[in-house]
Structure formats: C-alpha cells, structure tokens
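Numbering (the working numbering), first residue to last: 9 to 185.
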Ligand SMILES: [Zn+2]
C-alpha cells in the first residue's frame, strides 16, 4: 500500500526531537522527494544533508576511501555544531552508483524478485554503515565525549522513483509510507 509520503501516521519511529543528519545519493530525480519526506517528519530547515553517490554504498565502498573519511568528519561536525540526534540513511531504487561501484548485475529489473533482491542489497550496505556510525559514536564516548551528545539513532530507508519510502527495518519487517 502506498501512503502519501507527508503522512506521519504510519512512520514506525518516534519523530526526532532534535536535528537530523540526512545522507542521500546525488540522484537528481529524487531531490524534491527528499525534501518532502523530511517535511513529513516536521524537519524543514532542521537537518544537515550529506550527498554521496550511492548513499551508504558510496560511504562504504573502497574505491574512493577518502569518501568514508569525509563522511565521518562531517558527522563529527554535525554532532558538535547542530547537536543532531538522528542520522537518516536514505537509499534509493534504480541507483546508478550501485552499477558504477558493484557492476552490471546490480541493475535490478522491476520484477517482484528484482525488487526484493535490490532491497536486500541496500539493506546490507545501509546496515553496514549504521553499524560503523554506532561504533564511531561509541568511540567518541570512550574518548571522554558527552554520552548524551554522542548517542545517535540511525534509521535506514529505501526510496522508490515515485518518492515513496520503505523503512529498512532490523527484522526485515516491511514498512511503507
Ligand atoms: Zn543513486
């Protein structure tokens, strides 16, 4: 079921109380849809945005290793300057960066099987980055950083080319909104 992306009723997580860091792909087709999605969480002008080709895959891929460094340097600044408490990782379907970095097998067809396989691949990279963010913030606390400041929620999403968003849930439970 497709639900309007501004509608908050079915978002299965509490709305952020403070600022947010959004990681998205560079894909030009979805720029306006990203804004609408964030407005659905009442986050207008309340989020930092980092744009990497491939979103989580872009940060994690080894070909341009400096991208990962750049991401975490910006994460540190977002936490310290804007006291973000949530990171949104916004993956998207039909992502050209997936074929760029992983090869032609990662261009998925619009079949039910292709859509499931595509979602699984995005979940893999999004969760990999999520785990790295949690680890990174834990290290900041271990180094003497403020525990409240460095306690960050990471939420992973997958947007389709219509701007509809699914949450990539830990239990592979499917949420669509
Ligand atoms: Zn993309």
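Heads up, the beta-carbon is just placed ideally off N, CA and C, and yes, glycines get one too.
Keep in mind the model is a prediction, meaning the values are calculated, not measured.
According to DSSP, residue pairing for residue 56 in a beta bridge involves 29.
As the crow flies, the alpha-carbon of residue 86 is around 16 angstroms from that of residue 75.
Between residue 116 and residue 125, the beta carbon gap of about 6 angstroms places them in contact (Cβ cut-off 8 angstroms).
Contact between the region 118-134 and the region 50-59 is not established, with fewer than three Cβ pairs separated by less than 8 angstroms. When DSSP states are grouped into helix, strand and coil, residue 161 belongs to the strand group. Where residue 34 is concerned, there is no enclosing alpha helix (DSSP H), because DSSP gives it neither an H nor an E. Each residue's CA atom was taken as its position, placing residue 91 and residue 27 some 6 angstroms apart. When C-beta atoms of the region 58-76 are compared with those of the region 142-149, fewer than three pairs fall below 8 angstroms, so the two segments do not count as touching. Proximity to ligand 1 was defined by a C-beta distance below 7 angstroms to any of its heavy atoms, and the residues meeting it, in sequence along the chain, are 33, 34, 35, 61, 62, 63, 100, 103, 104, 105.
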